[in-house]
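Novice:
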Amino acid sequence: MKHFFKSWILLVAVSLTIISCNNDDDNSGLPTPQGKYDLGYIISNEGNFGSPTASVSFLSADFATLENGIYANANNGNSLGDVLNHFTTNENFAFLVLNNSNKIEVVNRFTFEKVATISEEIELPRFAAANDNVLYISNSGSQSITVYSLTDFSLLRKIELNKSVEQLELTDNYLFVQNASFGTGKEITPIKVSDFSVEQAINLPDNINAIEEEDDILYVLHQSGVSKFNINSKQKITTIPFADGFTGVSKFDVEDNFIYFTQGSSIYKNATNANIMTATALVDTNADGASWGVGYGFAVEEDHIFYTDVNGFTENSDVMIYNLEGELIQSITTGIGANGVEFND
Numbered sequence: 004m005k006h007f008f009k010s011w012i013l014l015v016a017v018s019l020t021i022i023s024c025n026n027d028d029d030n031s032g033l034p035t036p037q038g039k040y041d042l043g044y045i046i047s048n049e050g051n052f053g054s055p056t057a058s059v060s061f062l063s064a065d066f067a068t069l070e071n072g073i074y075a076n077a078n079n080g081n082s083l084g085d086v087l088n089h090f091t092t093n094e095n096f097a098f099l100v101l102n103n104s105n106k107i108e109v110v111n112r113f114t115f116e117k118v119a120t121i122s123e124e125i126e127l128p129r130f131a132a133a134n135d136n137v138l139y140i141s142n143s144g145s146q147s148i149t150v151y152s153l154t155d156f157s158l159l160r161k162i163e164l165n166k167s168v169e170q171l172e173l174t175d176n177y178l179f180v181q182n183a184s185f186g187t188g189k190e191i192t193p194i195k196v197s198d199f200s201v202e203q204a205i206n207l208p209d210n211i212n213a214i215e216e217e218d219d220i221l222y223v224l225h226q227s228g229v230s231k232f233n234i235n236s237k238q239k240i241t242t243i244p245f246a247d248g249f250t251g252v253s254k255f256d257v258e259d260n261f262i263y264f265t266q267g268s269s270i271y272k273n274a275t276n277a278n279i280m281t282a283t284a285l286v287d288t289n290a291d292g293a294s295w296g297v298g299y300g301f302a303v304e305e306d307h308i309f310y311t312d313v314n315g316f317t318e319n320s321d322v323m324i325y326n327l328e329g330e331l332i333q334s335i336t337t338g339i340g341a342n343g344v345e346f347n348d
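Everything in the sequence shown is counted per the numbering used here, starting at 4 for the first residue and increasing by one.
1) Between the region 108–123 and the region 60–80, do at least 3 Cβ pairs fall closer than 8 Å?
2) Looking only at its own chain, which residues have a Cβ that is under 8 Å from the Cβ of Asn-210, when we skip the five neighbours before and after it?
3) In its own chain, which residues sit with a C-beta less than 6 Å from the C-beta of Ser-253, not counting the 5 before and 5 after it?
4) Can you tell me where the beta strand (DSSP E) with Ala-97 in it begins and where it stops?
5) Short check: CB of Asp-135 to CB of Leu-159, under 8 Å?
6) Indicate the three-state DSSP secondary structure (helix, strand or coil) for Thr-281 in the structure shown.
7) Starting from Ala-77, trace the alpha helix (DSSP H) both ways and give me its first and last residue.
8) Just to check my reading of the structure: Val-303 and Glu-258 have Cβ atoms closer than 8 Å, yes? What is that Cβ distance to the nearest angstrom?
9) Can you tell me where the beta strand (DSSP E) holding Gly-298 begins and where it ends?
10) Taking 8 Å as the threshold, find out whether the region 314–321 comes into contact with the region 270–284 through three or more Cβ pairs.
11) Based on Cα-Cα distance, which residue from Ser-60, Thr-250, Ser-141 lies nearest to Lys-106?
12) Bridge partners of Gly-343, per DSSP?
13) Assign Ile-12 to one of two classes, buried (16 or more other C-beta atoms within 10 Å of its C-beta) or exposed (fewer than that).
14) Can you name the residues that DSSP bridges to Leu-62?
15) By DSSP, does Gly-315 sit in helix, in strand, or in coil?
16) Can you tell which of Ala-67, Ile-332, Gln-170, Glu-70 has the C-alpha that lies nearest to the C-alpha of Thr-91?
17) For Asn-212, which three-state DSSP category applies?
18) By the 10 Å Cβ neighbour count, where 16 or more other Cβ atoms means buried, how is Phe-309 classified, buried or exposed?
19) Give me the residue from Pro-208, Ile-205, His-307, Tyr-177 with the minimum Cα distance to Val-137.
20) Helix, strand or coil for Asp-188? Go by DSSP, reduced to three states.
21) Can you check whether the CB of Gly-50 is closer than 8 Å to the CB of Ser-58?
22) Nearest to Glu-123 by alpha carbon, out of Asn-111, Val-110, Ala-133, Ile-148?
23) Measure the alpha-carbon distance for Ile-240 versus Lys-195 and round it to whole angstroms.
24) Tell me whether Leu-83 is buried or exposed, calling it buried when 16 or more other Cβ atoms sit within 10 Å of its Cβ.
25) Suppose the cutoff is 7 Å on Cβ atoms and the five residues either side in sequence are ignored; what does the same chain contact list for Asn-102 look like?
26) Which residue comes first and which comes last in the beta strand (DSSP E) that contains Ala-290?
27) Taking just the CA atoms, how far does Asp-291 sit from Tyr-325?
28) Suppose the cutoff is 7 Å on Cβ atoms and the five residues either side in sequence are ignored; what does the same chain contact list for Lys-237 look like?
29) Beta-carbon within less than 6 Å of Ile-220's beta-carbon, same chain only, minus the 5 sequence neighbours each way: which residues are those?
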């Protein structure tokens, strides 16, 4: 009897072990969310100038759940501020750049609970870039880059460039600063991250609209095309020109060997190794309104294209979501002035 009982116990133990292992195998490919706003899309809403109407929205990865006003929801209803111009993330934090409030709100990127406010030497901030140790901010008011420790959020350095400072792209060795605002300016300044030294500017033949780093190449969108630079040597690799007479491109994103860009209400898709930028639209969103407001926000994230229509800042934004073939998947309504999208994972 004892022998039978021991054998039965052993059989049950082995069975439970097998079931446990099978369950582990079933769940091995499923990431565990680290907070309420993990594993989904963060959408920044600029808000109206002169009022504390900036906000942030969260869209679940399957597009089934949308929550607007997540900063206020996570912080006792407190308003975020005036003009959320940009946001970026690192391993632990999201950095919310409040242009007209002259501050950076630092939040836990998974819960959006406030961690710190940075305001020292912040003067009309525009864009942010961060690694795990350091935060960089472009300040249009002082035409400078300010650098902050992410240990205690203290100011480490103020780098005065005395020219326009806009978008930032951070690599292992350099911070690239776009010296062009609102389509005026032809330079990019490299700053060495090891000692914050300013190196010779990269010059483009005409005005710059945006910059983007992808796979160790710095892509520069300018009036006559897209130029590619080696991020270490800073030497130009090539320029892909626009077709004759094709103008008005303002936004672009580079993902998985394709350049996606906008002209008015249309979205275009172009291989990164092409000889010329296509003039054939992938899709026309049919968004209508002033040229500055159509396609105000544009991003390619997780095999989807996000295009925003801010409706002249008179009402909430429409965010249209397409697959990479230009088919409309879904349209959602977020806050005023939707200007950016990033997948949070």
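Think of the CB as a built atom: it goes at the ideal place given N, C-alpha and C, for glycine as much as any other residue. What you are looking at is a predicted structure, and each value in this text was computed from that prediction instead of being measured.
Specialist: Reading it off the structure:
1) Between the region 108–123 and the region 60–80 there are three or more C-beta pairs closer than 8 Å, enough to call the two in contact.
2) For the purposes of this step, residue 210 is taken as residue 207 along the sequence shown, with counting starting at 1. Contacts found: Ala-183, Gly-186, Thr-187, Gly-188, Lys-189, His-225, Gln-226.
3) By 1-based counting over the sequence shown, the position of residue 253 is 250. Asn-212.
4) Locating residue 97 in the sequence shown gives position 94, counting from the first residue. Where Ala-97 is concerned, the enclosing beta strand (DSSP E) stretches over 96–101.
5) As a position in the sequence shown, residue 135 is number 132, starting the count at 1. As a position in the sequence shown, residue 159 is number 156, starting the count at 1. For Asp-135 and Leu-159, no; Cβs fall outside 8 Å.
6) Taking the sequence shown and counting its residues from 1, the one referred to as residue 281 is at position 278. Reduced to three states, the DSSP call for Thr-281 is coil.
7) Here residue 77 refers to the residue found at position 74 when the sequence shown is read from its first residue. Note, Ala-77: alpha helix (DSSP H), 73–77.
8) Position 300 of the sequence shown, counting from 1, holds the residue named residue 303. Position 255 of the sequence shown, counting from 1, holds the residue named residue 258. Indeed they touch by this definition, with Cβ atoms about 4 Å apart.
9) Walking along the sequence shown from the start, residue 298 turns up at place 295. Taken as a continuous stretch (DSSP letters only), the beta strand (DSSP E) holding Gly-298 covers 297–304.
10) no
11) Within the sequence shown, residue 106 is the residue found at index 103, counting from 1. Cα-wise, what sits closest to Lys-106 is Ser-141.
12) The residue you call residue 343 lines up with position 340 of the sequence shown. Paired residues: Ser-47.
13) Here residue 12 refers to the residue found at position 9 when the sequence shown is read from its first residue. Confidence at Ile-12 is low in this model, with a pLDDT of 40, below 50, so its placement is unreliable and the value that follows should be read with caution. Flag for Ile-12 reads exposed.
14) By one-based count along the sequence shown, residue 62 stands at place 59. Leu-62 is bridged to Tyr-44, Leu-69.
15) Residue numbering aside, residue 315 sits at position 312 when the sequence shown is read from its first letter. Here Gly-315 sits in helix by DSSP.
16) Locating residue 91 in the sequence shown gives position 88, where the first residue counts as 1. Of Ala-67, Ile-332, Gln-170, Glu-70, the residue nearest in Cα terms is Gln-170.
17) As a working mapping, residue 212 is identified with position 209 in the sequence shown. In the three-state scheme derived from DSSP, where H, G and I count as helix and E and B as strand, Asn-212 is classed as strand.
18) What you label residue 309 is simply residue 306 of the sequence shown in a count that begins at 1. A buried status is given to Phe-309, since no fewer than 16 other beta-carbon atoms sit within 10 Å of its beta-carbon.
19) As a working mapping, residue 137 is identified with position 134 in the sequence shown. When only C-alpha atoms are compared, the closest one is Tyr-177.
20) For the purposes of this step, residue 188 is taken as the residue at position 185 of the sequence shown. The sequence shown places Gly at residue 188, not Asp. The answer is strand: DSSP assigns Gly-188 an E or B state.
21) Numbered from its first residue, the sequence shown carries residue 58 at position 55. Numbered from its first residue, the sequence shown carries residue 50 at position 47. The answer is yes: Cβ separation under 8 Å.
22) As a first step, residue 123 is located in the sequence shown; it is residue number 120 there, counting from the start. Of Asn-111, Val-110, Ala-133, Ile-148, the residue nearest in Cα terms is Ile-148.
23) As a working mapping, residue 240 is identified with position 237 in the sequence shown. As a working mapping, residue 195 is identified with position 192 in the sequence shown. Taking the straight line from one Cα to the other gives about 21 Å.
24) Residue numbering aside, residue 83 sits at position 80 when the sequence shown is read from its first letter. With 16 or more Cβ atoms within 10 Å of its Cβ, Leu-83 is classed as buried.
25) By 1-based counting over the sequence shown, the position of residue 102 is 99. Val-86, Asn-88, Leu-127, Pro-128, Arg-129, listed in sequence order.
26) On the sequence shown, residue 290 is found 287 positions in, with the first residue counted as 1. Element bounds for Ala-290: n/a, residue is neither H nor E.
27) On the sequence shown, residue 325 is found 322 positions in, with the first residue counted as 1. On the sequence shown, residue 291 is found 288 positions in, with the first residue counted as 1. So the alpha carbons of these two residues sit roughly 18 Å apart.
28) Counting from 1 along the sequence shown, the entry for residue 237 is found at position 234. Closer than 7 Å at the Cβ level, and outside the excluded window around Lys-237, lie Pro-193, Ile-205.
29) As a position in the sequence shown, residue 220 is number 217, starting the count at 1. Within the same chain, Ile-220 has close Cβ partners Lys-231.
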